[in-house]
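Below: one structure, written as structure tokens.
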Amino acid sequence: MANQLDVIRERLLSVEADHPGWSIQGRASKGFLGFENPELERLSLNHHEGVVDYWPDELIIRVRAGTALSDIDQVLEANRQRMIFEAPRVNGQGTIGGAVAAGLSGPSSPFNRQIRHALLGLQLLRGTGEAVRFGGEVVKNVAGYDVSRL
Numbered sequence: 000m001a002n003q004l005d006v007i008r009e010r011l012l013s014v015e016a017d018h019p020g021w022s023i024q025g026r027a028s029k030g031f032l033g034f035e036n037p038e039l040e041r042l043s044l045n046h047h048e049g050v051v052d053y054w055p056d057e058l059i060i061r062v063r064a065g066t067a068l069s070d071i072d073q074v075l076e077a078n079r080q081r082m083i084f085e086a087p088r089v090n091g092q093g094t095i096g097g098a099v100a101a102g103l104s105g106p107s108s109p110f111n112r113q114i115r116h117a118l119l120g121l122q123l124l125r126g127t128g129e130a131v132r133f134g135g136e137v138v139k140n141v142a143g144y145d146v147s148r149l
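Be aware that the sequence shown starts at 0, since it is given in numbering that gives the first Met the number 0, and climbs by one per residue.
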């Protein structure tokens, strides 16, 4: 099976220069927000999912953008853990990538933490296909503190 990041990169780079842009979606659970543009081609992250690494003792989990929030909940619950934010699970379809992109942290965000405060690092693809990393997997990596400014 091909690396899903490479598949996404190939799709990004396969379009014409006058391409109007992309509508990046996982499970399309945020359509009610009203940001859908029918002129944009859909780039699905449905198959870019799964837990990459999980260190329960360190309270660190690394997942792909298309991973359902409910799947992450299941992994964490096995170790009596939970996420510190309450991103909406619209019809059970929300993904971690969608929650990060929309900045949705749930009703307890004024009292607990927002999703951006839970990120130590992330990797993304620029429109040029270049992979860019921010932060890392440990709190000591100070570059991760800039992730919340994205």
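For each residue, glycine too, the CB sits at the ideal point set by N, CA and C.
I need the DSSP call for residue 140, collapsed to helix, strand or coil. Caution applies to residue 140, whose pLDDT of 49 falls short of 50 and renders its modelled position unreliable; the model cannot decide the point.
Output the distance between the C-alpha atoms of residue 128 and residue 20, rounded to the nearest integer angstrom. Annotation: residue 128 to residue 20 spans about 14 Å, alpha carbon to alpha carbon.
Three-state secondary structure (DSSP) of residue 31: In the three-state reduction of the DSSP assignment, residue 31 falls in the helix class, which pools H, G and I.
Please return the same chain residues whose Cβ sits closer than 7 Å to the Cβ of residue 96, not counting the five positions on each side in sequence. Excluding positions up to five away in sequence, the list reads 25, 44, 64 and 65.
Between the CA atoms of residue 5 and residue 18 - distance to the nearest angstrom: Their backbone Cα atoms lie some 20 Å apart in a straight line.
Any heavy atom of the ligand PLP closer than 7 Å to the beta-carbon of residue 59? Questions concerning the ligand PLP fall outside what the structure shown contains, since it holds no ligand whatsoever.
Which residues in the same chain have their Cβ closer than 8 Å to the Cβ of residue 130, if we skip the five residues on either side of it in sequence? So the list reads 4, 8, 122, 123 and 124, once near-sequence residues are dropped.
Counting only the same chain and skipping the five closest in sequence on each side, list residues whose C-beta sits under 8 Å from that of residue 53. The beta carbon of residue 53 sits closer than 8 Å to those of 59, 60, 61 and 74, all from its chain and outside the five residues before and after it, given in chain order.
Return the first residue and the last residue of the beta strand (DSSP E) that residue 69 is part of. Here residue 69 belongs to no beta strand (DSSP E); instead the alpha helix (DSSP H) covers 68 to 76.
Please classify residue 140: is it buried, with 16 or more other beta-carbons within 10 angstroms of its beta-carbon, or exposed? Interpretation of residue 140 is limited by its pLDDT of 49, a score under 50 that renders its predicted location unreliable; the figure taken from the coordinates is listed afterwards. A residue is called buried when at least 16 other Cβ atoms come within 10 angstroms of its Cβ; residue 140 does not meet this threshold and is exposed.
Pull up the DSSP beta-bridge partners for residue 62, would you. DSSP, once it has assigned bridges, lists 50 as partnering residue 62.
Along the chain, where does the beta strand (DSSP E) that runs through residue 40 open and close? 40 to 43 is the span of the beta strand (DSSP E), which, as asked, contains residue 40.
Using a 10 Å radius around the Cβ and a threshold of 16 neighbouring Cβ atoms, would you call residue 76 buried or exposed? Classification for residue 76: exposed.
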